[in-house]
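The structure appears below as C-alpha cells.
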Amino acid sequence: MVWYDFFRMSNLEIINLFRNVAAAYSIKNEYKFKFQIIAYLKAAEAIEHSSTELKTLFEQGKLQNIPGIGPTIKDRLEELFRTGKVKHFEEVLSDISPAVFPLLDIPSFGPKKASKLVSHFKLHDPKTAIEDIKTLALEDKISILEGFGEKSQSDILRAISEYGKGTTKSSRMVLSYAFTLAQEVIIYLKKHKDVIEAETLGSLRRMNSTIGDVDIAVASKNTKAVLEYFVAFPGKERIIEKGPTTASILIGGGKHVDLLALPPQQFGSMLQHFTGSKNHNVALREYSLKRHMSLSERGIKLLSEKGSPLVEFTSEEKFYKYLGLDWIPPEIRENEGEIEAALKHNLPDLVKIGDIRGDLHIHTNYPIDSSHDYGISSMQEMINRAKELKYEYIGLSDHNPSIGNHTKNELYSILSKRKSIIDSIKKSNKSIRVINLLEMDILASGELAIDNKTLELVDALIVSIHSSFSTNKEDMTRRVLAGLSNPKAKILAHPTGRLLNLRAGYELDWNRIFDFCVKNNKALEINAWPERLDLSDGLVKQAKEAGVKFVINTDSHAISHMDNMFYGVSVARRGWTEKKDILNTLPANKFVEWITS
DNA sequence: GCCGTTTTCGGCCCGACTGTTTTCAGTCG
C-alpha cells in the first residue's frame, strides 16, 4: 500500500494518486481496464488545469464542475475528503509493490517496465527503488531478463543518471527559458538551406506558463538532411532518437528538444497536430469523425469515400477552414469552448503586444529605504526604455519605504522628496506621461503600510501581499479587500503570490474579489515576471467572464525586464482577453483618468 | 469511468520511434 496524507490532500497529491491508480490498472490488465486508465489520466490532467483546490470544490459541492470528473470519481473524492481514505483505491493499489511508483517519474520508465523489474527482483521499498534498479543494472542482472537486453540495461543506467541530474518527467521550464532556447535552435535551423519554415510547437507555441520539452517543426523538401543537421546542434549533449521524420536531442540542463520535419505540403496539418493541446486535438478529432473525416499530422482522410486520397494542407488556416472552422489562436487551444466559437465565427479578438501603451509596475534604484528589493536601473533609464518601446505612459512604482525603520514624519518626508524629483522628471520628459505610483504592502491587518495623508503624495497605488502567506483563505480575502478599499489603490499586483516551481501562492475567494473589482473599478494585474505569470491564465479567463478589467505589468527591476511584457500578454491571450479588457491599452488621457479616479 | 448536435448505451484520436524481436511491446506526445 502507498501511504498518503489523505486528509490534507492538495491537487498535486491527488494528481499523483490518480496517475498511480492508472498505472496500477495498466499493470493489472491494460485491456480490461483500458477506459478506466484513460478516465483517471484524463481526470488527473483536468485537475492539473484547475485553478481551484478540489478540497474547496468539495466543500462547495462542485466537484463535478471539472470536466473529466463524473459520478464515480466524484464519489471517490468525497470519500477521500470525508474519511481520509478511498477503499477502492486501496484495493486497486494493494497488490502493486510501492517500489513501482517512484520509478514512473524517470523518462523511459512506464508502468510495464517498472512493474516487470520490481516484481522480478522482488523490490518493496519505494525509498530505495531507484538505487536498487541502478545496482542491479551495474551487476549486469537486467540484460538477461526476457524482453530486456544489453542496450536496454545501459539505457536504464543512463536514464537513472540523467534523472539524478534533473531530467524527470515532472520538471518543467518556465516559459521564458524555453522560449529563448527555442529561438536559439530556430536561428540555427534557419541557417540550413533546406529549411523553408521553422516554428515552435506544443505547449511552447500555446505559450503555457511552464514547458516540458521544446518542440519545433520544420518544413523542408529534404527532411533527412535537416534532421542530420539538427542532431548536430552545438548545444547537444546526446541524441535521444532519430527517425525519418522526427529526432530528439538532450541539451544542457537536462531538457529535450524535439524536431519534426515534413514536406511543405503537409506543414499545415503537422503544425496543427503537434501544437495540441491533447484535449483540443481529441475534441477536434471527435468533431471531425462525426463529419466522416479522420485527422492526422499528415492531413485529412475522408471516410465516406473509399480509397479517396489524403487531403494535404500547407497552412493551418486552410486545415481549420476545411473543417468549417475559423483559425484558432494556439493560446486558446485547450478545449474550453474554442471549437464551438470557431464554428460560430465568434472567436475573441485577442489582445496583442502592439496594443500595450504603458507599463505601470516599475522598480527603480531610487533610494526610498524600502523593506523589499530595489531596481538596478534609474528612473530616467526606465523612462528612456519606455520611450523606445513607444509607450505613451509609465508608472514608477517602487516598494513603499520600510515602516519599521521610520516614523510617520520621516515617511512623509521621504515620499515628499520623491514626489518633487518625479515632478521634475515629468517636466523634462514631455513625450511620455510619467505616473507617480508605489507598490504598497497590504499588512496582515488589512491596513496599508502608509497613512492616507502621506498617500496624497502619489497619484495612485498598486497594492500587494508580501508577508504572512500562510493566512487562511477567508482572512486573506478580507485582508486583500481591505487593502483594495483604499481610494488610492487601483491595481492588485501578482494576485495569487505564486512562484512557478517554488510556491503555490495563497488562496482567495475569487468570486468575492472579482465582484469587488467590478463594483469598485479596480483592476487585477497580470504580472509578466517569468517566475510569476500571475494571475494565472485560468483565473484570467474566470475574471474576464465576471467582467473584471486587467493591467498587464512587467514588475521590472532593470531595463531589460521591460521586454517581458510579451509573456504577460501571452497569459492574457490564454485567458481569452481582448484589447477592451486590458486597461493599459487605453490612450494616456483615458488611462490616467482611470488610475487617478 | 466519462459523455451526449443521430446516442442515457455504446462508443472512446492517431501515429512515431526503439529495442528485442521475425511481428510486437512499451513509451511518448
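Numbering (our numbering), first residue to last: 3 to 599.
Glycine included, every Cβ here is placed at the ideal spot set by N, Cα and C.
Computed from a predicted model, the values in this text were never measured in an experiment.
### Task
May I have the straight-line CA-CA distance separating I424 from N454, to the nearest angstrom?
20 angstroms
### Query
Residues in its own chain within less than 7 angstroms of H404 by CB, not counting five upstream and five downstream?
Residue identity differs from the one stated: residue 404 is Ser in this sequence, not His. Cβ within range, chain order: D371, S372, S373.
### Task
Mind listing, in chain order, the continuous alpha helix (DSSP H) runs of no fewer than 4 residues lying wholly within the segment 448-503?
454-457, 475-486
### Query
For E319, which option in V88, I158, F269, P113 has the closest C-alpha, if you only look at C-alpha atoms?
F269
### Query
For S12, is the classification buried or exposed, using 16 other Cβ atoms within 10 angstroms of its Cβ as the cut-off for buried?
exposed
### Message
Taking a contact to mean a Cβ-Cβ separation below 7 angstroms, would you say V228 touches V216 in this structure?
### Response
no
#### Entry: 7 angstroms Cβ cutoff met for L440 and V460
yes
### Query
Excluding the five sequence neighbours on either side, which residues of its own chain have a C-beta within less than 7 angstroms of the C-beta of K44, listed in chain order?
G70
### Task
Quick one: residues in its chain with C-beta nearer than 7 angstroms to the C-beta of T587, no 5 flanking neighbours on either side, listed in chain order?
V353, D357, I358, R359, K581
### Query
Name the DSSP beta bridge partners of Y395, please?
G360, R435
### Query
Which residue comes first and which comes last in the beta strand (DSSP E) that contains G301?
301-304
### Message
Contact defined as beta carbons within less than 8 angstroms: I believe I561 pairs with A525. What is the distance between those atoms, to the nearest angstrom?
### Response
Not quite, the Cβ-Cβ distance comes to about 25 angstroms (not below 8 angstroms), so this is no contact.
### Option in G301, P532, V542, D127 with minimal Cα separation from Y322
G301
#### Entry: Ordered list of beta strand (DSSP E) runs contained in the segment 249-333, each at least 3 residues
257-264, 295-298, 301-304
### Query
So, is F111 buried or exposed, given that buried needs 16 or more other C-beta atoms within 10 angstroms?
buried
### Query
Where does F552 fall in DSSP's three states?
strand
### Query
Can you tell me whether DSSP reads K244 as helix, strand or coil?
strand
### Query
What's the C-alpha gap between R84 and A48?
22 angstroms
#### Entry: Option nearest S422 by Cα separation, candidates F123, N438, E412
N438
### Task
Starting from A219, follow its DSSP beta bridges and name the residues at the other end.
E201, L262
### Message
Let's test the definition: count the other Cβ atoms within 10 Å of the Cβ of E50 and tell me whether it reaches 16, buried, or not, exposed.
### Response
exposed
### Task
Mark E605 as exposed unless 16 or more other C-beta atoms lie within 10 angstroms of its C-beta, in which case mark it buried.
No statement about residue 605 is possible, as the shown extent of the chain runs from 3 to 599 and does not include it.
### Task
Taking the CB atoms as reference points, tell me whether V2 and I253 lie closer together than 7 angstroms.
This structure cannot speak to residue 2, because the chain is shown only from 3 to 599.
### Query
Would A462 be called buried (16 or more neighbouring beta carbons within 10 Å of its own) or exposed?
buried
### Query
Which one of P113, D97, S96 has the shortest CA to CA distance from P104?
P113
#### Entry: Assigned secondary structure, A525 (DSSP; H/G/I helix, E/B strand, else coil)
strand
### Message
According to DSSP, H51 sits in a beta bridge with which residue or residues?
### Response
BP columns for H51 are empty, so no partner.
### Query
So who's on the other strand from E441, going by DSSP bridges?
H401, I464
### Message
Out of Q274, L191, Y190, Y231, which one is the CA nearest neighbour of R207?
### Response
Q274
### Message
As a quick exercise: from T498, L510, H559, R505, pick the residue whose alpha carbon is nearest that of S538.
### Response
T498
### Query
Do you know how far the Cα of K551 is from the Cα of N523?
8 angstroms
#### Entry: Status (buried if at least 16 other CB within 10 Å, exposed otherwise) for Q382
exposed
### Host alpha helix (DSSP H) of K428 (start-end)
410-430
### Query
What did DSSP end up calling F8 once you bin it into helix, strand or coil?
Annotation note: pLDDT 47 at F8 (below 50); position unreliable, no value reported.
### Query
Is M175 helix, strand or coil by DSSP?
strand
### Task
Given a cut-off of 7 angstroms, decide if T479 and D517 are closer than it, judged by their beta-carbon atoms.
no
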